[in-house]
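Q: Same order as they appear, the protein sequences are chains Y and P. When we follow the numbering used here, the leftmost residue of the first sequence carries the number 1, and every step to the right adds one. When we follow the numbering used here, the leftmost residue of the second sequence carries the number 306, and every step to the right adds one.
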Amino acid sequence: MTALILRRLLQAIPVLFIVVTLTFLLVRSAPGNPFSTEKKIPVEIMEQLEKRYDLHGTMGHQYLQYMTKVTHGNLGISTQYRNRTVNEIIAQTLPVSMTLGSMAYFLALLFGITCGGWAAIRHNQAGDRVLMLIALLGISIPTFVSAPVMVMIFALKLNILPTYGWGSPDQIILPAICLSIPFAATIARLTRGSLLEVLKLDFVRTARAKGLSEDAVLFRHALKVAILPIIGYSGPAAAGILTGSIVIETLFGIPGIGPFFVNSALNFDPFMTSGVVLVYSSFLILFNLLADILYFIVDRRVKLE
Amino acid sequence: MKTLDLFFRVVKQDWLLIVCALFLIIVVMLALVGIRYTGYTYDQISDASLLPPSRTHWFGTDVNGHDLLTRTLYGAQISLFVAATGTIVSLSVGVTYGMISGYVGGRVDNLMMRVVEIIYSLPTLVLVIVLVTSLDGPVASLLKGAGLTQFPPRLVLIVIFLGLTEWLTMARIIRGQVLVLKEQAFVQASFALGQSHLRILWQHLFPNLLGIIVVYLTLTIPAIMLDESFMSFLGVGVPAPLASWGTLVSDAASLINPIRLYWWMLIFPGGFMTLTLLALNFLGDGLRDALDPRVRK
């Protein structure tokens, strides 16, 4: 177990290194100007700017300068959002994205497992069929379609939720629901499929035979085993929520990390882009590791049964 | 041909699958042929800005007075093109990678699967955005040099890189299948008879993988379509004169305001896209349940 964690953490270092190197070199070699996309900047000012941002000299020199800073935990100064360091921007926006993301993840788990379980015990009945069709629709409808539709209905027509902004609790409801829909749908399908498999197993028959109530069989015994594929799905789900939140943050005007990333990539800001890519990648690698550890723990208990 | 037969046999079993297949054929036909008979071209600007659906404009018009029906069908062309070509890229990479990994086995297999695992744990779509935005310029000059100005550089980049991100599942599944297949008597026999590895892979293993390839093909198309429109929505997808479904929905979303609802701008392209994705996913699911030996019980 410790060996697994250590190996994965050690493996993460070269991966992150490659990802950051690739991003920085790509953005720097793009033929765009990180300081301005429209007006031409005079040569002298450009030189001064490049000096200030450590973007002068050869590519190798710039890269070394940047990597030295990164290894010291300094992600540089944004060229797009002048006078703000990347660390500062990330420190301000990451908690917002994390709040939105974890809220969506929680909703996806709650609705997904409930609906999946509900469908499984009604296997092949009308309710099951309808729910699974809705789940497939939930997977198919892109967030950037469902979100504006929900805004039109709940915010503009019915006027019960705000359309825009961040800060008060009611402003998180709509974005979190929109973000969670495809993942709730996937989790519902996974739960149903895996619960159907588990309910056929011998230990469930034993549990029933010893006179346990159907609820106890389902929640105490079957669901505990059936949860495994959902833990397995948590890595891809986190990746999906991460990219999905870029769209949701843009649509709802939420000051998360997503819009900053898209803007800096479009404007060739090498520090901001590489910084966000580093944060995103480390987060996902860590999340995947945690999911694997959880899987390992739960799976072991299953084997002991 | 056996695969096609199987395909039709599976589809025929369920009327919903027939509906899905028919719907997809209709969408493709509309996008390729129907678009000529709308009475407008996709880049035709008029003063009739933001009109609701009427008899002259079935789907209404957008800000620039474009006929939205023509735009939606044009968006379908682009979205379907990206999805189809991207899928071919992902298919060739995934199948080759999976077959080699499974066939060679041992340490090579271990290493190759570790690489897949690592890519799985990275935010690939985020990396694609970085790749597409920064390689846009260089590829433009490259295409110009080769005299291929008719291809917008971003479109080429999106097809290639989305194809290169969606091959992981395919590779894993193919590898698993090859691991099983290569132990079977007919493969062992050809090996004993001295057939070359390439011939075994191509003549004996590949035909046996066709069923599963078709299944994951139908599931890769919607995945790439969704990725492409996601990028187009954010403004890092297909470039301006072109328009995919993602671009159209993005245009609609930017017009949302509390005073007037331009619902047609959102409902028609968004609805078309959702239904197409739904049909593809439904078809892929149905085929997987029927053909994937790992799901079949």
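Glycine residues also receive a C-beta, built at the ideal position from the N, C-alpha and C atoms. Please read these numbers as outputs of a predicted model, since none were measured by experiment.
Enumerate in chain order the residues of its own chain whose CB-to-CB distance from Y:Thr85 is below 6 Å, with the five nearest sequence positions on each side excluded.
A: Here the set comprises Ile77.
Q: How would you write the range of the alpha helix (DSSP H) that P:Pro512 sits in, first residue to last?
A: It spans Phe511 to Leu539 - the alpha helix (DSSP H) in which P:Pro512 sits, taken as one unbroken run.
Q: Closer than 8 Å is the cut-off here; do at least three beta carbon pairs connect the stretch 232-246 of chain Y with the stretch 84-104 of chain Y?
A: Judged by Cβ distances under 8 Å, the stretch 232-246 of chain Y makes contact with the stretch 84-104 of chain Y, as three or more pairs qualify.
Q: Using a Cβ-Cβ distance under 9 Å, would P:Arg601 count as near chain Y?
A: Interpretation of P:Arg601 is limited by its pLDDT of 45, a score under 50 that renders its predicted location unreliable; no figure is taken from the coordinates.
Q: For the candidate residues Y:Thr114, Y:Ala185, Y:Gly165 and Y:Leu75, whose alpha-carbon lies nearest to that of Y:Pro142?
A: When each option's Cα is compared against that of Y:Pro142, the closest is Y:Ala185.
Q: Counting only beta-carbon atoms, is P:Lys449 nearer than 9 Å to chain Y?
A: Answer no: the Cβ-Cβ gap between P:Lys449 and chain Y never drops below 9 Å.
Q: Pick out whichever of Y:Val298, Y:Ile285 and Y:Tyr295 has its Cα sitting closest to the Cα of Y:Leu9.
A: It is Y:Ile285 whose Cα lies nearest to the Cα of Y:Leu9.
Q: Exposed or buried, which one is P:Val492 when buried takes at least 16 other CB atoms within 10 Å?
A: With 16 or more Cβ atoms within 10 Å of its Cβ, P:Val492 is classed as buried.
Q: Can you tell me the Cβ-Cβ gap for P:Gln382 and P:Ala336, rounded? I've got them flagged as a contact below 8 Å.
A: Indeed, because the Cβ distance is near 5 Å, the residues count as touching under 8 Å.
Q: With DSSP run on the structure shown, which of helix, strand or coil describes Y:Ile41?
A: In the structure shown, Y:Ile41 sits in coil (DSSP, three-state: anything other than H, G, I, E or B).
Q: Going by beta carbon distance, what residues of the same chain come within less than 7 Å of P:Val394, once the five residues before and after it are set aside?
A: Hits under 7 Å: Val464, Ile465, Gly468 and Leu469.
Q: By the 7 Å beta-carbon criterion, what residues does the stretch 277-299 of chain Y contribute toward chain P?
A: Here the close residues are Val277, Tyr280, Ser281, Leu284, Ile285 and Asn288.
Q: Would P:Thr579 pass as an interface residue toward chain Y - the criterion being a Cβ-Cβ separation below 9 Å?
A: For P:Thr579, the answer is yes, since a Cβ of chain Y falls inside 9 Å of its Cβ.
Q: From P:Leu327 to Y:Pro182, what does the alpha carbon distance come to, in whole angstroms?
A: Rounded to whole angstroms, P:Leu327 to Y:Pro182 spans 25 Å at the Cα level.
Q: Look at Y:Tyr295 and Y:Ile231 and say whether their C-beta atoms are less than 9 Å apart.
A: In contact: Y:Tyr295 and Y:Ile231 (Cβ atoms closer than 9 Å).
Q: Are P:Val421 and P:Val541 close, meaning C-beta to C-beta below 9 Å?
A: For P:Val421 and P:Val541, no; Cβs fall outside 9 Å.
Q: Are Y:Ala238 and Y:Phe283 close, meaning C-beta to C-beta below 9 Å?
A: Cβ distance < 9 Å, so Y:Ala238 and Y:Phe283 count as in contact.
Q: Going along chain Y in order, which residues have a C-beta closer than 8 Å to the C-beta of P:Gly540?
A: Per Cβ cutoff of 8 Å: Val262 and Leu266.
Q: Please classify Y:Leu25: does DSSP put it in a helix, a strand, or coil?
A: Y:Leu25 falls in the helix class under three-state DSSP.
Q: Looking only at C-alpha atoms, which of P:Leu462, P:Arg565 and P:Glu488 sits nearest to P:Gly407?
A: The candidate whose alpha carbon is nearest that of P:Gly407 is P:Glu488.
Q: Going along chain Y, which residues have a C-beta under 7 Å from P:Pro546?
A: Those within 7 Å of P:Pro546 in chain Y number zero; the least Cβ separation is about 18 Å.
Q: Mind reading off the beta-carbon distance from P:Thr375 to P:Ile340? Whole number of angstroms is fine, and I expect it under 8 Å.
A: The Cβ separation is near 6 Å, so the contact holds.
Q: So which residues of chain P does Y:Thr243 contact, with C-beta pairs closer than 8 Å?
A: Here the neighbours are Pro428, Leu430, Val431 and Phe535.
Q: If we call anything under 9 Å between Cβ atoms a contact, is Y:Leu199 one with Y:Ala222?
A: Against a cut-off of 9 Å, the Cβ pair of Y:Ala222 and Y:Leu199 comes out as a contact.
Q: State the Cα-Cα distance for the pair Y:Thr23 and Y:Thr273, rounded to the nearest angstrom.
A: Roughly 7 Å separates the two Cα atoms.
Q: What span of residues does the alpha helix (DSSP H) with Y:Ile113 cover, start to end?
A: Note, Y:Ile113: alpha helix (DSSP H), Val86 to Ile121.
Q: Pop quiz: Y:Gly318 and Y:Phe287 are said to be a contact at Cβ under 8 Å. What is the actual Cβ separation, rounded to whole angstroms?
A: One cannot answer for residue 318 of chain Y here, as it falls past the ends of chain Y, which runs 1 to 305.
Q: Assign Y:Pro34 to one of two classes, buried (16 or more other C-beta atoms within 10 Å of its C-beta) or exposed (fewer than that).
A: Buried: at least 16 other Cβ atoms inside 10 Å.
Q: Check whether chain Y comes within 9 Å of P:Pro443, counting only Cβ atoms and requiring the distance to be less than that.
A: Interface residue, yes.
Q: With 16 as the cutoff for other CB atoms within 10 Å, does P:Trp550 come out buried or exposed?
A: Label assigned to P:Trp550: buried.
Q: Between the beta-carbon of Y:Phe260 and the beta-carbon of Y:Tyr66, is there less than 9 Å?
A: Not in contact: Y:Phe260 and Y:Tyr66 (Cβ atoms no closer than 9 Å).
Q: DSSP puts P:Thr366 in a beta bridge; with which residues?
A: Answer is P:Asp372.
Q: Specify whether the stretch 409-418 of chain P and the stretch 560-570 of chain P touch according to this definition: at least 3 beta carbon pairs, one from each stretch, less than 8 Å apart.
A: Short answer: they don't touch.
Q: Would you identify the three-state DSSP class for Y:Ile160, choosing helix, strand or coil?
A: Looking at Y:Ile160 - three-state DSSP - the assignment turns out to be coil, as it is neither helix nor strand.
Q: Name the two residues that bound the continuous alpha helix (DSSP H) containing Y:His72.
A: Segment: none, Y:His72 is in no alpha helix (DSSP H) and carries neither H nor E.
Q: Listing by chain order, which chain Y residues have their CB less than 8 Å from the CB of P:Ser397?
A: None at all; the shortest Cβ gap to chain Y is about 23 Å.
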